[in-house]
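With positions in the sequence shown counted from 1, the corresponding number in this note's numbering is that position plus 84. Ideal Cβ placement from N, Cα and C applies to all residues, glycine included. Take a look at the structure set out below.
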Amino acid sequence: MCFIISIVGLVLGFNFYNAGNYLQATGSLIVSAIFIFLMIRNIQSVKKLKKEEKNDN
């Protein structure tokens, strides 16, 4: 879900930038960056859990 929201935000940011709406473009890019950060953090967390689970067995 984070991936979809980040892609939509990036597309909206690009479209707002081309239309000259710099404030909306900045807002969309910030929202996209937040969701990309959350997605990367989640991936790292899952990798860590799988590594710990593998070491327990």
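| Check | Outcome |
| --- | --- |
| How far does the alpha helix (DSSP H) with Asn102 in it extend, from its first residue to its last? | 86-103 |
| Alpha carbon to alpha carbon, how far is Ile124 from Leu113? Give it in angstroms, no decimals. | 16 Å |
| Is the beta carbon of Phe100 less than 8 Å from the beta carbon of Gln108? | yes |
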